[in-house]
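First comes the structure, then the notes that go with it.
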Amino acid sequence: MSKYRTAYVNARLVDPASGLDAPGGLLAEDGKIADFGAKLFADGTPGDAEVVDCGGHVLAPGLIDMRVQLRDPGQEHMEDIESAGHAAGAGGVTTIVCLPNTDPVIDNVAVLEFVARRAREVKLAKIHCYAAITRGFAGRELTEMGLLGEAGAVAFTDGEVTVADAKTLQRALSYASTFGHLIAQHPEEPSLAADGQMNSGEIASRLGLAGIPPVAEVIMIERDLRLVEKTGGRYHAAHISTAASVDAIRQAKRRGLDVTCDTAPHYFALNEIAVGDYRTFAKVRPPLRDEADRESVVEGLKDGTIDAIASDHSPYDQDSKRLPFAQAAFGIIGLETLLPLTLELYHNKHLSLLQALGLLTARPAARLGLTAGRLAKGAPADLVLIDTERPWKIDEIEFRSKSKNSPFDGRPVQGHALRTVVDGRTIFGAGRATEKATEKATGKEPGKETGKRTGKGKGKS
Amino acid sequence: MSTRADSSLRFPHRHLLGIEGLSADAITMVLDLADSYVEQSRKPDKKLSLLRGRTVINLFFESSTRTRTSFELAGKRLGADVINMSVSTSSIKKGETLIDTAMTLNAMHTDVLVVRHSDSGAVKLLSEKVNCAVMNAGDGSHEHPTQALLDALTIRRRKGRLQGLTVAICGDVLHSRVARSNILLLHAMGARVRVIGPPTLLPSAIDRFGVEVFHDMRAGLKDCDIVMMLRLQTERMQGRFVPSLREYFHFFGLDREKLSFAREDALVMHPGPMNRGVEIDSELADDIDRSVIREQVEMGVAVRMACLDLLTRDLIGNAP
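Chain order of the listed sequences is A and B.
Numbering (our numbering) for the first sequence: 1 to 461.
Numbering (our numbering) for the second sequence: 462 to 781.
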């Protein structure tokens, strides 16, 4: 039986898991990494293999985005598994970890299996799911964590809802530890955050908007850490945004607790000033914080306190955002901007390339127990070819996502995915992306002639 | 056709969305023009025809009798056709109502939309969707520019100036658009501003507004020229922000004893409607020697006439 092989030649192999950063080639065979290394194709490529010339660009494990809202099932007009898959591909993401806040919510095996089946049919980025901690996110009864885990749930979270009741969280941590499952929390004390629209402080006060104080986050994290200590559970604080939170996690790690956290690009690439004159595209939860908090998030990424960068992809249509600020939805899309915004930290010399990519690959993979996220013989051939240098401008018209709610529209960035490969199949970059790269190199306006991407309305507020 | 008070004046903004962004010159322009409309409004024949043929719509998403009437009179005294629309915010999904209603009214060749809305920023959002002039008649806790302008006119007519005066703004600053607009305006005109209230009724980072902050009325009122009281919404009195009415009035309500710490000729102001016996002693509110509350109402019409006049000077017919 003939094997399907692809030879990636002339690459710069970068694998954060092993620290490899060297020129070489990689051979993918039937969806797995068969071999890779400097001398791999010294005697030529196998005759039956498709050859991809990497042009000296970075070939790394495909990105793992550990916090994505799919909207499918339930709100497919904002995003669906296919559009998210294409957005992921364009962003270099090969694995999406979906929050359970679909409609219906992923709090039972049937919905989990529905999403998994749809993902298999669509065959774009891989999709793993979190399952809910409590039924219907109501914060009272635990879901069938054991069965959901067997059915493929990689971790448990109530999504954008905080498990606020201390007893419930304690039980969840304790029960989940039966199976070694991870509990991920949206850390925000609800009574302090209630009615809040943006970060508390001078800007909120001037705009006349109710604030969400930074302490709302660390209060919940510190409480949770006590419960982790008591139960011996595994805990992950999602999208942390404040200096105090970074510090709390840093101390907890020193104390040896099984604790991790992630942040999203907007928490290190923007601060509350982005809200400007009621820009609802910058309305997000937790809110964009002040400059000192932003700097602390960068510090947390540098010293390893923060374990992953996740896009926190939250698609919303125009009708959810073109509203008075207080009525607009919280959320920012991010699948297609995750890589370039993370690379800013590399270009600004805050992180090495291995560190930056590690936050997007090996480290979230390790925390979630995924086999992807590294270059290893026998590992899935989930790869991304990255031009780390090319400058370009984020343009919402180009987004594959059905929703356009990004505050980064127009931002100049550097670096992007050239090709994205899932289980050896190229899901992005075989045709159009390379064409586009050529267009850009020849100075032609990119994307303007592709009638398909008309950018359904500029929902700016 | 009557002639404009000073036909060469040009207001450098298309809309009046807030005091923020207005220069001292622009504010002075409004106040000077408003002075002439005070005289006009005191004549038996109050009506001009400057805005004849213009359509002004008062679009109120939040109930208000006083402000709406003031705008209505202002428009009518200038000869405009004025229509009042009250849109219930509870009946329909709010945002759709806002944008859809704005587009609809715009299509009817409205010249000026006067808008009040319960959400901060809503009036600005609306102004981006229409090509008529938009006046903010109060948006959430954000701004209420004509109130600040009428307060400034009242003060200027009584004190002859704004520069160098010390003004205390007292009470529920947290929820008050009047306070925000007044702080901006008074600073632009060179006055010193103090805010006085319990911390639960002051916005976070209020010290960054360039004001002096007091939690004690007597200390805060000391040597003030102007005492501006703010309305305390009933729903905020019962335990969430302050424990009780009785306690609030005891510590933060303005009475003669507390007022005695201000300058002898200090004026008492209130944007209305007053809660007598909550934020202000009833008798003091009616004392014509100290209280200029009724005068504020009169100045309101004049200031709104001035604003309508200025915003329509260069307005070519609205062709959507």
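Just so you know, even glycine gets a beta-carbon here, dropped at the ideal spot from N, CA and C.
If you're wondering where the values come from, they're calculated on a predicted model, not measured in any experiment.
Could you tell me the alpha carbon to alpha carbon distance between methionine 198 of chain A and aspartate 572 of chain B, rounded to whole angstroms?
Looking at the two C-alpha atoms, the distance is approximately 34 angstroms.
What ranges does the beta strand (DSSP E) occupy inside the stretch 181-223 of chain A, keeping only unbroken runs of at least 3 residues that lie completely in it?
182-185
From aspartate 395 of chain A to leucine 360 of chain A, what does the alpha carbon distance come to, in whole angstroms?
Whole-angstrom Cα-Cα distance: 22 angstroms.
Which residues in chain B sit within 9 angstroms of alanine 381 of chain A, going by Cβ to Cβ distance?
Near alanine 381 of chain A there are no residues of chain B at all, since even the closest Cβ is about 46 angstroms away, more than 9 angstroms.
C-beta neighbour in chain B for glycine 208 of chain A, strict 7 angstroms
yes
Comparing the C-beta of phenylalanine 36 of chain A with each C-beta of chain B, is any distance below 7 angstroms?
So, not an interface residue.
Alpha carbon to alpha carbon, how far is leucine 772 of chain B from cysteine 593 of chain B?
Rounded to whole angstroms, leucine 772 of chain B to cysteine 593 of chain B spans 10 angstroms at the Cα level.
Count the other CB atoms within 10 Å of the CB of tyrosine 235 of chain A; is the residue buried (16 or more) or exposed (fewer)?
Classification of tyrosine 235 of chain A: buried, given that the 10 Å Cβ count is 16 or more.
Could you tell me whether the stretch 540-551 of chain B touches the stretch 514-527 of chain B, where touching means 3 or more Cβ pairs closer than 8 angstroms?
By the Cβ criterion, the stretch 540-551 of chain B is in contact with the stretch 514-527 of chain B, since at least three pairs of Cβ atoms, one from each stretch, lie closer than 8 angstroms.
Using a Cβ-Cβ cutoff of less than 6 angstroms, which residues in the same chain neighbour threonine 516 of chain B once the five nearest sequence positions on both sides are dropped?
Asp542, Thr571, Asp572
One or two residues paired with leucine 479 of chain A in a DSSP bridge
A query on residue 479 of chain A cannot be resolved here, the shown segment of chain A reaching from 1 to 461 and no further.
With asparagine 643 of chain B as the anchor, note down where its alpha helix (DSSP H) starts and where it stops.
638-649
Taking its Cβ as the centre, do 16 or more other Cβ atoms sit within 10 Å of tyrosine 4 of chain A, making it buried, or is it exposed?
exposed
Do cysteine 685 of chain B and alanine 640 of chain B count as a contact pair if the criterion is CB distance below 7 angstroms?
no
Along the chain, where does the alpha helix (DSSP H) that runs through serine 245 of chain A open and close?
243-254
Compare the C-beta of phenylalanine 325 of chain A against all C-beta atoms of chain B and say whether one is closer than 7 angstroms.
yes
Which one or two residues does DSSP pair with threonine 134 of chain A in a beta bridge?
A:Leu142
Got a sec, what are the start and stop residues for the beta strand (DSSP E) cysteine 98 of chain A sits in?
Element bounds for cysteine 98 of chain A: 93-98.
With a cut-off of 8 angstroms on the beta carbons, I'd call aspartate 80 of chain A and arginine 71 of chain A a contact; round off their distance for me.
The distance from the Cβ of aspartate 80 of chain A to that of arginine 71 of chain A is about 7 angstroms, consistent with a contact at the 8 angstroms cut-off.
Looking only at its chain, what residues have a beta carbon closer than 7 angstroms to the beta carbon of leucine 477 of chain B, apart from the 5 residues adjacent to it on each side?
Cβ contact annotation for leucine 477 of chain B (same chain, cutoff 7 angstroms, sequence separation greater than five): Met596, Asn597, Pro606, Cys768, Leu772, in chain order.
Hey, how far is the Cα of threonine 45 of chain A from the Cα of alanine 125 of chain A?
27 angstroms
For threonine 231 of chain A, which residues of its own chain have a beta-carbon under 7 angstroms away from its beta-carbon, when the five flanking residues on both sides are left out?
Cβ within range, chain order: Gln170, Leu173, Ser174, Ser177.
Tell me, please, which residues DSSP counts as bridged to arginine 737 of chain B.
B:Ile741
Is the CB of glutamate 144 of chain A under 7 angstroms away from at least one CB in chain D?
Structure shown: chain D not included; protein chains present are A and B.
Can you give me the start and stop residues for the beta strand (DSSP E) that threonine 627 of chain B sits inside?
627-631
Cα separation between lysine 683 of chain B and glutamine 624 of chain B?
18 angstroms
In three-state DSSP terms, what is methionine 564 of chain B?
helix
Burial state of glutamate 744 of chain B, where buried means 16 or more other Cβ atoms lie within 10 Å
exposed
Decide if the stretch 351-367 of chain A is in contact with the stretch 274-289 of chain A; the criterion is three or more beta carbon pairs, one per stretch, under 8 angstroms apart.
no
Within the chosen definition, does the stretch 639-659 of chain B reach the stretch 670-683 of chain B through at least 3 CB pairs nearer than 8 angstroms?
yes
According to DSSP, simplified to helix, strand and coil, what is glutamate 336 of chain A?
coil
Any idea what DSSP makes of threonine 388 of chain A, helix, strand or coil?
strand
Between the stretch 556-581 of chain B and chain A, which residues of the former have a C-beta closer than 9 angstroms to a C-beta of the latter?
Gly556, Glu557, Leu559, Ile560, His578, Ser579, Asp580, Ser581
Going by the CB atoms, is the gap between alanine 38 of chain A and glycine 24 of chain A shorter than 7 angstroms?
yes
Are the beta-carbon atoms belonging to serine 531 of chain B and arginine 765 of chain B less than 7 angstroms from one another?
yes
Determine whether the beta carbon atoms of alanine 243 of chain A and isoleucine 221 of chain A lie at a separation below 7 angstroms.
no
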